[in-house]
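Q: My questions will all concern the structure given below.
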Amino acid sequence: MKGVILDAASLGTDVDFSSLEDQLTELVTWPATTPDEAAERIEDAEVVITNKVQLTRELLQQAPKLRLICVLATGTNNIDLDAADELGIAVRNVAAYGTASVAQHTLMMMLSLTTRQPQYQSAVAAGEWQKAKMFCLMDYPVIQLQGKTLVIVGHGELGQAVARLAEAFGMQIEVAARPGRSDDPRPSLDDLLPQADVISFHCPLTDVTRDLLNKQRFARCKPSLLVLNAARGGIVNEKDAIDALRNGQIGGLAVDVLSEEPPRHGNPLLDAMNERLNLIVTPHSAWLAPEARQRIVELTATNIAEFKKKDSRTET
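For this note's numbering, count along the sequence shown from 1 and bump the result up by 1222.
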């Protein structure tokens, strides 16, 4: 089977693709692919491997040999899944590749917000500690995590890993019911919001979860609530979130994802970065541990091997 990687650079320059080469008779690797280049690069491929390149119906129709699309990520929103199904093209993604990396990043954001690191760092940089009348600055209230309630939305492998780490700090864990699932016996997000000290999102972005935390729900939160989003941009309404932070409706906000990535057209959270707020924005970097990125490749190689095995049984 002939394969092509459309955006290998999205995994970094230190990733070994040899396990993919072992599964394919030929592998063409492109560091990046623009929309204008995509059709030519996939037209002879049987396997297309992509991270963020969009594969539309029009593009898929121009690839008559294509049998398998491997996504170098969990989300498949860049693929026209209906078109792929109609054309008989299998789509495989990867999951749980960066559990340890994303979980530790989530805890980093939580700890930084509880200690008001963004605000104290700005104060020190501005020379306020140097001019202080006593040995420390006490301008911003620090939160102790022991005994506090963490509400987790999305309790898959990643949500469970975050829960285990939080329990080590003595936190009480509450898991919200899956949004939009009336048959889930767990308490709803609305039921849990008033008691939450920290809320962390680990669910996919869907029509149901878009703007899940919004102006109406911020009004029901503790003014000390810390909000963490290392899942997908759009789950937390960004304008509503920054308004809530500025107005003292919540105590801190940390995100690793934005609704547009890269944020070429601006973003309300980025506009607030120079304000002295308890605000953290990291550039979708929670998954960047080398172990996590290499794991993506190994899982993708497994996906190809399993497809080949199943395909050979079908042909037999």
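Every residue, glycine too, gets a C-beta built ideally from N, C-alpha and C.
1) Restricting to Cα atoms, I'd like to know which of I1472, V1479 and E1497 is closest to T1336.
2) Grab the span of the alpha helix (DSSP H) containing K1461 for me, first residue to last.
3) Out of L1387, E1262 and G1297, which has the shortest C-alpha to C-alpha gap to I1518?
4) Note down, one range per segment and in chain order, each alpha helix (DSSP H) of at least 4 residues found wholly within the region 1245-1272.
5) One question on the structure: do E1248 and K1224 come within less than 8 Å of each other, judged by their Cβ atoms?
6) Sorted by chain position, which residues of the same chain lie with C-beta nearer than 8 Å to A1508's C-beta, five sequence neighbours on each side aside?
7) Are three or more beta carbon pairs between the region 1310-1319 and the region 1334-1350 nearer than 8 Å?
8) Tell me whether the beta-carbon of D1462 lies closer than 8 Å to the beta-carbon of N1489.
9) Going by beta carbon distance, what residues of the same chain come within less than 6 Å of P1253, once the five residues before and after it are set aside?
10) Which of the three DSSP states, helix, strand or coil, is assigned to E1396?
11) Is it true that the CB of L1288 sits closer than 8 Å to the CB of I1271?
12) Whole-angstrom Cβ separation of D1244 and A1441, contact assumed at under 8 Å?
13) Span of the beta strand (DSSP E) holding M1423?
14) Which whole runs of the alpha helix (DSSP H) in the region 1459-1518 are 4 residues long or more, in chain order?
15) Could you check where the beta strand (DSSP E) with V1375 kicks off and where it finishes?
16) Measuring only the C-alpha atoms, how far is G1402 from R1263?
17) Check V1313 in the structure and name its three-state DSSP category.
18) Using a 10 Å radius around the Cβ and a threshold of 16 neighbouring Cβ atoms, would you call A1418 buried or exposed?
19) Would the region 1349-1365 and the region 1385-1403 be scored as touching if the rule is three or more Cβ pairs under 8 Å?
A: Looking at the atomic coordinates:
1) Against the sequence shown, residue 1336 aligns to sequence position 114. Out of I1472, V1479 and E1497, the CA that lies nearest to the CA of T1336 is found in I1472.
2) Working through the sequence shown from its first residue, we reach residue 1461 at position 239. Counting along the chain, the alpha helix (DSSP H) containing K1461 begins and ends at E1460 to R1468.
3) One-based indexing of the sequence shown puts residue 1518 at position 296. Comparing Cα-Cα distances from I1518 to each of L1387, E1262 and G1297, the minimum goes to G1297.
4) Runs of the alpha helix (DSSP H) inside the region 1245-1272: 1257-1264.
5) Within the sequence shown, residue 1248 is the residue found at index 26, counting from 1. Within the sequence shown, residue 1224 is the residue found at index 2, counting from 1. Yes, these two residues count as a Cβ contact at 8 Å.
6) Within the sequence shown, numbered from 1, the residue matching residue 1508 stands at position 286. Taking C-beta separations shorter than 8 Å and ignoring five residues to either side along the sequence, the partners of A1508 in its chain run G1320, S1323, V1324, H1327, T1328, A1452 and D1478, following chain order.
7) By the Cβ rule, the region 1310-1319 does not count as touching the region 1334-1350, because fewer than three pairs are nearer than 8 Å.
8) For the purposes of this step, residue 1462 is taken as residue 240 along the sequence shown, with counting starting at 1. For the purposes of this step, residue 1489 is taken as residue 267 along the sequence shown, with counting starting at 1. No.
9) For the purposes of this step, residue 1253 is taken as the residue at position 31 of the sequence shown. Taking C-beta separations shorter than 6 Å and ignoring five residues to either side along the sequence, the partners of P1253 in its chain run A1230 and A1231, following chain order.
10) By one-based count along the sequence shown, residue 1396 stands at place 174. Assignment of E1396 by DSSP, reduced to helix, strand and coil, places it in the strand class.
11) Indexing the sequence shown from 1 puts residue 1271 at position 49. Indexing the sequence shown from 1 puts residue 1288 at position 66. No, the Cβ-Cβ distance between I1271 and L1288 is not below 8 Å.
12) For the purposes of this step, residue 1244 is identified with residue 22 of the sequence shown, where counting begins at 1. For the purposes of this step, residue 1441 is identified with residue 219 of the sequence shown, where counting begins at 1. With a Cβ gap of about 55 Å, D1244 and A1441 do not count as contacting.
13) Position 201 of the sequence shown, counted from the first residue, corresponds to residue 1423. Looking at the sequence provided, one finds Phe at residue 1423 rather than Met. Note, F1423: beta strand (DSSP E), V1420 to F1423.
14) Runs of the alpha helix (DSSP H) inside the region 1459-1518: 1460-1468 and 1490-1493.
15) To locate residue 1375, count along the sequence shown from 1; it is residue 153. That run of the beta strand (DSSP E) goes T1371 to V1375.
16) Here residue 1402 refers to the residue found at position 180 of the sequence shown. Here residue 1263 refers to the residue found at position 41 of the sequence shown. Going by the C-alpha atoms only, they are around 39 Å apart.
17) Looking up residue 1313 in the sequence shown gives position 91. Strand at V1313.
18) Position 196 of the sequence shown, counting from 1, holds the residue named residue 1418. With at least 16 other beta carbons inside 10 angstroms of its own, A1418 counts as buried.
19) Three or more beta-carbon pairs separated by less than 8 Å are not found between the region 1349-1365 and the region 1385-1403, which leaves the two stretches without contact.
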